[in-house]
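Asks: Please read through the structure below; I'll follow up with questions.
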Amino acid sequence: MSAPAASSDRLARFALSPARRRRDRIARTGVLLGTALAVIPLLLIVYYLLRKGLGAWSVSFFTTDPTGSTFFGGSSIGGIKSAILGTIEIVALASAISIPIGVGVAVWLVEYGRDSWFAQTVRFFVDVLTGVPSIVFGLFVYIVLIVGTGSSYAGYKGSIALSLLMLPIVIRSAEVILLLVPATLRESALALGAPRWRVIFRVVLPTALPGMLTGVLLAVARAAGETAPLLFTAAATLGTTFDLGGFMNSLPVQIYKDVTSPTPAVVNRAWGAALTLVAMILLLNLIARLISRRSRLA
Amino acid sequence: MEAASFRGGERPQAGRSPLTRPALAKLPDRALKYGLTTLAALILALIVYFFIRLIGQAHGAFAKEGVFQFVFGNNWNVGGERFGALPLLVGTLITSALALLIGVPVAVAAAVYATELCPLRLRGALTLLVELLAAVPSVVYGLWGIFFLAPKLQGAEQWVADRLSFVPFIGGGLVTIPNYFITGLVLAIMILPIVSAIAREVMATVPVDHKEAALALGATRWEMIRMAVFPYCRSGIVGGAMLGLGRAIGETIAVTILIGNAPKLGSHLFSQGYSLAASIANEFGEAQGVHRSALFAAGLVLFVLTLIVNGIARLLVIRAARSQGSGTGGGVTRLADAAVGA
Numbered sequence: 025m026s027a028p029a030a031s032s033d034r035l036a037r038f039a040l041s042p043a044r045r046r047r048d049r050i051a052r053t054g055v056l057l058g059t060a061l062a063v064i065p066l067l068l069i070v071y072y073l074l075r076k077g078l079g080a081w082s083v084s085f086f087t088t089d090p091t092g093s094t095f096f097g098g099s100s101i102g103g104i105k106s107a108i109l110g111t112i113e114i115v116a117l118a119s120a121i122s123i124p125i126g127v128g129v130a131v132w133l134v135e136y137g138r139d140s141w142f143a144q145t146v147r148f149f150v151d152v153l154t155g156v157p158s159i160v161f162g163l164f165v166y167i168v169l170i171v172g173t174g175s176s177y178a179g180y181k182g183s184i185a186l187s188l189l190m191l192p193i194v195i196r197s198a199e200v201i202l203l204l205v206p207a208t209l210r211e212s213a214l215a216l217g218a219p220r221w222r223v224i225f226r227v228v229l230p231t232a233l234p235g236m237l238t239g240v241l242l243a244v245a246r247a248a249g250e251t252a253p254l255l256f257t258a259a260a261t262l263g264t265t266f267d268l269g270g271f272m273n274s275l276p277v278q279i280y281k282d283v284t285s286p287t288p289a290v291v292n293r294a295w296g297a298a299l300t301l302v303a304m305i306l307l308l309n310l311i312a313r314l315i316s317r318r319s320r321l322a
Numbered sequence: 006m007e008a009a010s011f012r013g014g015e016r017p018q019a020g021r022s023p024l025t026r027p028a029l030a031k032l033p034d035r036a037l038k039y040g041l042t043t044l045a046a047l048i049l050a051l052i053v054y055f056f057i058r059l060i061g062q063a064h065g066a067f068a069k070e071g072v073f074q075f076v077f078g079n080n081w082n083v084g085g086e087r088f089g090a091l092p093l094l095v096g097t098l099i100t101s102a103l104a105l106l107i108g109v110p111v112a113v114a115a116a117v118y119a120t121e122l123c124p125l126r127l128r129g130a131l132t133l134l135v136e137l138l139a140a141v142p143s144v145v146y147g148l149w150g151i152f153f154l155a156p157k158l159q160g161a162e163q164w165v166a167d168r169l170s171f172v173p174f175i176g177g178g179l180v181t182i183p184n185y186f187i188t189g190l191v192l193a194i195m196i197l198p199i200v201s202a203i204a205r206e207v208m209a210t211v212p213v214d215h216k217e218a219a220l221a222l223g224a225t226r227w228e229m230i231r232m233a234v235f236p237y238c239r240s241g242i243v244g245g246a247m248l249g250l251g252r253a254i255g256e257t258i259a260v261t262i263l264i265g266n267a268p269k270l271g272s273h274l275f276s277q278g279y280s281l282a283a284s285i286a287n288e289f290g291e292a293q294g295v296h297r298s299a300l301f302a303a304g305l306v307l308f309v310l311t312l313i314v315n316g317i318a319r320l321l322v323i324r325a326a327r328s329q330g331s332g333t334g335g336g337v338t339r340l341a342d343a344a345v346g347a
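Chain order of the listed sequences is A and B.
Here the first sequence is numbered in our numbering, starting from 25 and rising by one per residue.
Here the second sequence is numbered in our numbering, starting from 6 and rising by one per residue.
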């Protein structure tokens with residue numbers, strides 16, 4: 025592009041005018057600068073998370089429950105065991121609810137609904153669900169399951185809030201993958217005399233499974249990081265519990281509570297918990313990526 | 006199954022084709038079809054039910070203040086039982102507008118660099134890096150923002166506020182650590198991955214012919230990007246930005262940590278404020294009676310706001326997809342869907 029103008033007069037005729045060359049250079053620098061601005065916050069966040077978070081990590085950090093006491097410095101505030109286990113339990117139940125329903129709706133959209141007006145309406149409403157802020161899902165579950173039943177916060181109510189959040193992600197990602205299953209596969213199975221339901225369970229779903237797993241894992245990762253819907257559905261508590269019907273602690277809520285604390289040791293615990301949460305979510309993302317790379321579809 | 010019954014010597018009944026399945030064998034098929042249809046219908050019912058219940062709960066506040074007075078009244082006074090959500094609405098709008106102003110140019114620049122300028126070896130790493138930002142939960146952004154970014158930038162913000170003291174709404178005031186600007190900045194970082202991912206995907210759909218034609222005519226790289234790439238994907242990028250806006254409007258926890266939770270209109274960009282989502286997260290635990298109803302109403306306003314923004318975004322993205330032909334369009338809408346979720 026930058027022909028050496030000095031080499032010959034003929035080439036000089038084709039050379040860029042200085043103004044255009046300058047503009048090109050300025051624009052490229054601007055783009056590079058913008059890219060740097062996009063990457064720097066990530067590096068800073070990772071750096072701070074590692075520096076502060078690793079400092080808070082210890083064996084007892086993972087094996088003790090938070091004590092609620094903040095008076096005697098770092099040793100007595102306790103760890104995050106209940107939060108880690110709570111997050112795993114809540115998210116597991118949320119997945120158990122949203123994945124079968126989500127995949128079911130996606131199968132209906134692809135295999136039965138297709139382009140009918142009803143299917144289009146369902147797609148539209150699923151899109152609406154996608155845009156709903158997570159805290160509004162929390163409000164909904166609060167209205168229906170806490171105001172409506174007159175009972176208190178519970179782990180399973182948090183799971184339901186998270187499953188509402190996961191549902192549209194699961195439906196849309198599963199639908200995309202199901203659409204990629206070659207029509208010839210379905211047609212050959214049908215031509216051999218297999219009934220529709222067998223085609224779906226034996227041919228379509230197994231083919232789409234690895235691809236769907238990716239979307240599902242991304243949905244799980246998204247749900248695991250959510251704080252807002254858990255605040256007034258599962259609440260926060262101190263002790264570890266395996267009873268989904270009672271108050272249940274979770275990592276995001278624990279971090280949120282610790283951030284607002286005036287005690288430095290508690291804030292440090294928030295960093296440690298944040299690093300733990302990010303590590304868990306990145307792991308899920310990584311697995312999702314690996315699976316999607318292995319998948320034959322998508 | 007079918008074949009077995011024939012081999013058994015059973016004659017097909019009159020009026021029934023030998024290829025028809027017996028009624029019993031059709032049962033699982035029907036069950037599956039209607040079961041799944043019911044499931045899909047339940048999703049619709051759920052959302053409608055949701056909306057009705059939310060309105061029902063918000064009714065108390067609307068009845069007390071009047072809908073207009075609730076949304077645009079500038080008086081959020083919990084103790085005095087007055088609920089005008091203007092300070093909340095303005096906080097939400099200011100911070101998400103800031104997020105858009107800061108985040109979109111940076112995101113588009115990153116996308117341009119990744120698709121057009123960067124060495125191939127770097128491309129994958131860069132994409133992965135920006136996408137990793139999407140995996141960080143919002144509470145972590147809030148934590149990082151309030152303990153690292155906000156104190157570090159306070160001096161610079163005060164400097165700007167002092168220099169621009171003649172500009173209304175920006176300069177002149179005292180900069181607090183939690184404020185509108187820092188909230189908008191962190192929101193910008195949070196929406197960056199979505200907007201950038203969509204911009205990148207849309208840019209990847211620009212036909213190579215167009216780009217090569219521009220270059221062959223003697224355009225510089227930048228001229229090629231400006232004349233061949235941008236016009237082709239404008240509506241896709243705008244759609245992506247709107248999806249980012251929807252995210253920023255609904256973001257709760259990072260905003261609650263960063264905005265200061267002062268239930269009044271901040272006098273300038275660097276003062277504390279409040280937002281719709283933050284008020285819910287912050288006050289819901291103790292709220293009773295009309296106050297609780299007011300928070301549900303705030304949730305309803307938030308819901309409607311995101312509905313509008315997402316509706317516009319989807320229209321734009323779908324239009325972008327249509328204008329680019331069905332082959333590549335699927336990818337764009339699919340990505341838009343995935344991005345809202347992931």
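Positions of the beta carbon are idealized from the N, C-alpha and C atoms, including for glycine.
This one's a predicted model, so the numbers in the text were calculated from it and none came from an experiment.
1. By DSSP's criteria, residue 67 (chain B) is part of a beta bridge. Which residues make up the other side?
2. Kindly say whether residue 39 (chain B), judged by its beta-carbon, lies nearer than 7 Å to any beta-carbon of chain A.
3. Going by Cα to Cα distance, which pick from B:177, B:57, B:267 is closest to residue 273 (chain B)?
4. What separation, rounded to the nearest whole angstrom, lies between the Cα atoms of residue 184 (chain A) and residue 90 (chain B)?
5. Compare the beta carbon distance of residue 214 (chain A) and residue 223 (chain A) with 7 Å and say whether it is the shorter of the two.
6. Check residue 79 (chain B) in the structure and name its three-state DSSP category.
7. Please go through the same chain and pick out, in chain order, the residues whose beta-carbon is closer than 6 Å to the beta-carbon of residue 155 (chain B), but skip the five residues on each side of it.
8. With a threshold of 16 other CB atoms inside 10 Å of the CB of residue 267 (chain A), please say whether the residue is buried or exposed.
9. Beta-carbon of residue 177 (chain A) versus every beta-carbon of chain B: anything under 7 Å?
10. Which residues of chain B have a Cβ atom closer than 7 Å to the Cβ of residue 221 (chain A), listed in chain order?
11. Please state the DSSP three-state secondary structure of residue 266 (chain A).
12. Can the beta-carbon of residue 200 (chain A) be found less than 7 Å from the beta-carbon of residue 243 (chain A)?
13. So which of A:277, A:312, A:47 has the shortest CA-CA distance to residue 147 (chain B)?
14. Could you check whether the Cβ of residue 8 (chain A) sits closer than 7 Å to any Cβ belonging to chain B?
15. In angstroms with no decimal places, state the Cα-to-Cα distance between residue 47 (chain B) and residue 36 (chain B).
16. Taking the alpha helix (DSSP H) that residue 247 (chain A) belongs to, which residues open and close that run?
17. For the alpha helix (DSSP H) containing residue 102 (chain B), name the first residue and the last one.
18. When you compare each of A:61, A:158, A:62, A:317 to residue 308 (chain B) by their alpha carbons, which one comes out closest?
19. In chain order, which continuous runs of the alpha helix (DSSP H) of length 4 or greater are located wholly inside the region 113-199 of chain A?
20. Nearest-angstrom Cα distance between residue 89 (chain A) and residue 252 (chain A)?
21. Verify the CB distance criterion: does residue 211 (chain B) have a CB-CB separation below 7 Å to chain A?
22. Can you list, in chain order, the residues of the region 136-163 of chain B whose Cβ is nearer than 9 Å to any Cβ on chain A?
23. Pull the bridge partners of residue 90 (chain A) from the DSSP assignment, please.
24. For a test of the three-state rule: what should DSSP assign to residue 88 (chain B), helix, strand or coil?
25. Would you check if there are 3 or more beta carbon pairs closer than 8 Å linking the region 251-263 of chain B to the region 159-175 of chain B?
26. State the start and end residues of the unbroken alpha helix (DSSP H) segment that holds residue 238 (chain B).
27. For residue 260 (chain A), I'd like the list of residues in its chain whose CB is within less than 6 Å of its CB, leaving aside the five on either flank, ordered along the chain.
28. Are the beta-carbon atoms of residue 200 (chain B) and residue 112 (chain B) separated by less than 7 Å?
29. I'd like to know whether the C-beta of residue 48 (chain A) is nearer than 7 Å to at least one C-beta of chain B.
30. Contact criterion: CB-CB distance below 7 Å. Does residue 83 (chain B) meet it with respect to chain A?
31. Taking Cβ-Cβ distances shorter than 7 Å, what residues in chain A pair up with residue 237 (chain B)?
32. Among B:267, B:78, B:101, B:116, which residue has its Cα nearest to the Cα of residue 284 (chain B)?
33. For residue 128 (chain B), which of B:136, B:135, B:134, B:119 has the nearest alpha-carbon?
34. What number of angstroms, rounded off, separates the C-alpha of residue 306 (chain A) from the C-alpha of residue 140 (chain B)?
35. Let me check understanding here. Comparing Cα to Cα, which of B:121, B:66, B:229 lies closest to residue 293 (chain B)?
36. May I ask you to list, following chain order, the residues of the region 304-320 of chain B that have a beta carbon less than 7 Å from some beta carbon of chain A?
Replies: Reading off the structure:
1. Here residue 67 (chain B) is taken as the residue at index 62 of the second sequence, counted from 1. None; residue 67 (chain B) has no bridge partner.
2. Numbered from 1 along the second sequence, position 34 holds the residue referred to as residue 39 (chain B). Cβ-Cβ to chain A under 7 Å: no for residue 39 (chain B).
3. Position 268 of the second sequence holds residue 273 (chain B). Selected option, being the one with the closest Cα: B:177.
4. Residue mapping note: residue 184 (chain A) aligns to position 160 of the first sequence, counting from 1. Residue mapping note: residue 90 (chain B) aligns to position 85 of the second sequence, counting from 1. Rounded to the nearest angstrom, the two C-alpha atoms are 29 Å apart.
5. Translated into positions along the first sequence, residue 214 (chain A) becomes position 190. Translated into positions along the first sequence, residue 223 (chain A) becomes position 199. Yes, the Cβ-Cβ distance between residue 214 (chain A) and residue 223 (chain A) is below 7 Å.
6. Here the question's residue 79 (chain B) lines up with position 74 in the second sequence. Note: residue 79 (chain B) maps to strand in three-state DSSP.
7. Counting from 1 along the second sequence, the entry for residue 155 (chain B) is found at position 150. Taken in chain order, the residues that qualify are 182, 187.
8. As a first step, residue 267 (chain A) is located in the first sequence; it is residue number 243 there, counting from the start. So residue 267 (chain A) counts as exposed.
9. The count along the first sequence starts at 1 and reaches residue 177 (chain A) at position 153. Closer than 7 Å: no.
10. Start at 1 with the first residue of the first sequence, and residue 221 (chain A) comes out as number 197. The answer, in chain order, is 33, 34, 37.
11. Here residue 266 (chain A) refers to the residue found at position 242 of the first sequence. Residue 266 (chain A): coil per DSSP, three-state reduction.
12. Here residue 200 (chain A) refers to the residue found at position 176 when the first sequence is read from its first residue. Here residue 243 (chain A) refers to the residue found at position 219 when the first sequence is read from its first residue. No. Outside cutoff.
13. Here residue 147 (chain B) corresponds to residue number 142 of the second sequence, with the count starting at 1. Residue A:277 is the option with its Cα nearest to residue 147 (chain B).
14. This structure cannot speak to residue 8 (chain A), because chain A is shown only from 25 to 322.
15. Reading the second sequence from its first residue, position 42 is the one you call residue 47 (chain B). Reading the second sequence from its first residue, position 31 is the one you call residue 36 (chain B). C-alpha separation (whole angstroms): 16 Å.
16. What you label residue 247 (chain A) is simply residue 223 of the first sequence in a count that begins at 1. Taken as a continuous stretch (DSSP letters only), the alpha helix (DSSP H) holding residue 247 (chain A) covers 229-248.
17. As a first step, residue 102 (chain B) must be located in the second sequence, where it is residue number 97. First-last of the alpha helix (DSSP H) with residue 102 (chain B): 91-117.
18. On the second sequence, position 303 is the one that residue 308 (chain B) refers to. It is A:158.
19. 141-155, 158-165
20. Translated into the one-based positions of the first sequence, residue 89 (chain A) becomes position 65. Translated into the one-based positions of the first sequence, residue 252 (chain A) becomes position 228. Whole-angstrom Cα-Cα distance: 22 Å.
21. Numbered from 1 along the second sequence, position 206 holds the residue referred to as residue 211 (chain B). By this cut-off, residue 211 (chain B) is not an interface position.
22. 136, 137, 138, 139, 140, 141, 142, 143, 144, 145, 146, 147, 148, 149, 151, 152, 153, 154
23. Taking the first sequence and counting its residues from 1, the one referred to as residue 90 (chain A) is at position 66. Answer by DSSP bridge pairing, in chain order: A:102.
24. Working through the second sequence from its first residue, we reach residue 88 (chain B) at position 83. It is a strand residue.
25. no
26. Position 233 of the second sequence, counting from 1, holds the residue named residue 238 (chain B). Residue 238 (chain B) -> alpha helix (DSSP H) spans 235-255.
27. The residue given as residue 260 (chain A) occupies position 236 in the first sequence. So the list reads 273, 277, 281, once near-sequence residues are dropped.
28. Here residue 200 (chain B) refers to the residue found at position 195 of the second sequence. Here residue 112 (chain B) refers to the residue found at position 107 of the second sequence. Contact flag set, yes.
29. Reading the first sequence from its first residue, position 24 is the one you call residue 48 (chain A). By this cut-off, residue 48 (chain A) is an interface position.
30. Residue 83 (chain B) sits at position 78 when you count from the first residue of the second sequence. It does not: the Cβ of residue 83 (chain B) has no partner Cβ on chain A nearer than 7 Å.
31. In the second sequence, the residue the question calls residue 237 (chain B) occupies position 232. By Cβ distance, chain A contributes nothing, its closest Cβ being about 17 Å from residue 237 (chain B), past 7 Å.
32. To locate residue 284 (chain B), count along the second sequence from 1; it is residue 279. Closest by alpha carbon: B:267.
33. Start at 1 with the first residue of the second sequence, and residue 128 (chain B) comes out as number 123. Residue 128 (chain B) has its Cα closest to that of B:119, out of B:136, B:135, B:134, B:119.
34. As a working note, residue 306 (chain A) is residue 282 in the first sequence. As a working note, residue 140 (chain B) is residue 135 in the second sequence. One C-alpha to the other measures close to 7 Å.
35. Residue numbering aside, residue 293 (chain B) sits at position 288 when the second sequence is read from its first letter. Cα-wise, what sits closest to residue 293 (chain B) is B:66.
36. 304, 307, 308, 311, 312, 315, 319
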